[in-house]
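So the mapping is simple: my numbering equals the position in the sequence shown, first residue as 1, plus 9.
Beta carbons are placed, not taken as given, at the ideal position from N, Cα and C, and that holds for glycine.
These numbers come from a predicted model, not from an experiment.
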Amino acid sequence: MSAISGISTTSPYLYGHIASGNRLMSAADGAAELAITEKENAQITGINTGTKNLTDGVSLLKTSDSALGSITNSLQRMRELALRATSGILNDANRADIQREVDQLKDQINLVAQQTNFNGRSLLDGSQKNGIELVGDAGGSYINVNNSINSTVDALGLADFDVTKDFDIQAIDKALDKVTGDRSTLGAQYNKLEYAIDYNGYASENLTASKSRMGDTDVAKALMQLQHQQTLQSISMMLQKRNMAQKGQQTLGLLQF
10 MSAISGISTT SPYLYGHIAS GNRLMSAADG AAELAITEKE NAQITGINTG TKNLTDGVSL
70 LKTSDSALGS ITNSLQRMRE LALRATSGIL NDANRADIQR EVDQLKDQIN LVAQQTNFNG
130 RSLLDGSQKN GIELVGDAGG SYINVNNSIN STVDALGLAD FDVTKDFDIQ AIDKALDKVT
190 GDRSTLGAQY NKLEYAIDYN GYASENLTAS KSRMGDTDVA KALMQLQHQQ TLQSISMMLQ
250 KRNMAQKGQQ TLGLLQF
């Protein structure tokens with residue numbers, strides 16, 4: 010009977026451990042192990058959340074870089090038009106026509122600089138003075154994304170650029186250098202975030218493996234235990250039936266006597 014009693018109290022736990030895959034269904038299954046795995050679980054959750062934050066930062070940087078690429082194209086076209094305007098074969102009317110396209114390009118640059126945003130944050134109009142802080146790990150430490158970029162025509166020094174008057178093509182070259190420098194900064198920050206994301210991936214993977222080793226059910230072992238208990242239960246029930254049969258025969262014999 011003791012064997013049967015033991016099975017009746019432990020088998021449900023084994024079934025639960027096997028079905029859920031969780032060896033630590035309660036503190037009674039291992040108080041120390043449960044405390045450790047819960048701390049690891051908190052770390053894993055924090056790291057994975059940090060990865061999501063950093064991924065948002067990557068998307069922000071890509072948005073900025075794509076917009077700066079558009080501004081670069083506009084500046085390159087302005088430079089091409091400025092070189093064209095220096096040709097002695099053109100007259101004032103020709104240069105006025107060129108200036109109209111230059112003005113359109115300046116408007117386009119301002120439009121991109123003022124309307125490029127990510128989640129409501131303007132990215133290229135110089136309004137982000139202190140950058141954006143991204144919490145990147147379970148401990149709450151952050152990575153600062155310095156996105157204090159201003160690519161408006163005024164900031165690029167091209168607000169008064171006019172090919173119908175005296176102009177210096179080097180003004181466009183300086184603007185191109187500024188935009189290229191900003192894109193290089195974004196590229197370096199992008200790489201920094203990618204490295205942090207990769208590190209988080211390794212950390213989360215290793216912590217998950219550690220938590221799994223400590224908290225997951227060893228299904229093969231649990232199945233062997235369950236089979237062993239079921240075998241003991243079967244034997245106990247068989248012996249109980251045999252005892253009952255023997256007692257019945259003894260009682261019948263006494264009655265016949």
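- Counting only runs of at least 3 residues, the region 50-87 fully encloses no beta strand (DSSP E) element at all.
- Between Leu-202 and Gly-66 the beta-carbon gap is near 5 Å, inside 8 Å, which marks them as a contact.
- For Arg-86, same chain residues with a beta-carbon under 7 Å away, outside a window of 5 residues either side, are Leu-114 in chain order.
- With distances taken between CA atoms, Asn-119 lies nearest to Thr-81 out of Thr-81, Glu-49, Ala-197, Ile-53.
- Here Ala-205 has Leu-63, Gly-145, Ile-152 as same chain residues with Cβ atoms under 7 Å from its own Cβ, once five neighbours each way along the sequence are excluded.
- In this structure, the straight-line span from the alpha carbon of Asp-134 to that of Gly-190 is close to 16 Å.
- Secondary structure within the region 134-189: the beta strand (DSSP E) runs of 3 or more consecutive residues, fully enclosed, are 141-144, 151-154 (chain order).
- In the displayed model, Asn-126 falls within a strand according to three-state DSSP.
- The Cβ atoms of Ser-79 and Val-121 sit closer than 7 Å to each other.
- Here Ser-245 carries a helix assignment [DSSP, helix/strand/coil].
- By the C-beta criterion, the region 92-110 is judged not to be in contact with the region 185-199, since fewer than 3 inter-stretch pairs fall below 8 Å.
- When only Cα atoms are considered, Arg-88 and Asp-182 end up about 8 Å apart.
- Assignment of Ser-96 by DSSP, reduced to helix, strand and coil, places it in the coil class.
- If the five residues before and after Ser-157 are omitted, its C-beta is found closer than 8 Å to the C-beta atoms of Gly-135, Gln-137, Lys-138, Asn-139, Gly-140, all from its own chain and listed in chain order.
- Around the beta carbon of Ile-98, fewer than 16 other beta carbons lie within 10 angstroms, which makes this residue exposed.
- Straight through space, the alpha carbons of Glu-142 and Gln-117 are spaced by roughly 30 Å.
- A distance of 7 Å or more separates the beta carbons of Tyr-199 and Leu-84.
- Residue burial annotation: Gln-179 is exposed, with fewer than 16 other C-beta atoms found within 10 angstroms of its C-beta.
- Within the same chain, and ignoring the five residues on either side of Leu-132 in sequence, the residues whose Cβ sits closer than 8 Å to its Cβ are Leu-69, Thr-72, Ser-73, Ala-76, Thr-125, Asn-126, Asn-156, Ile-158.
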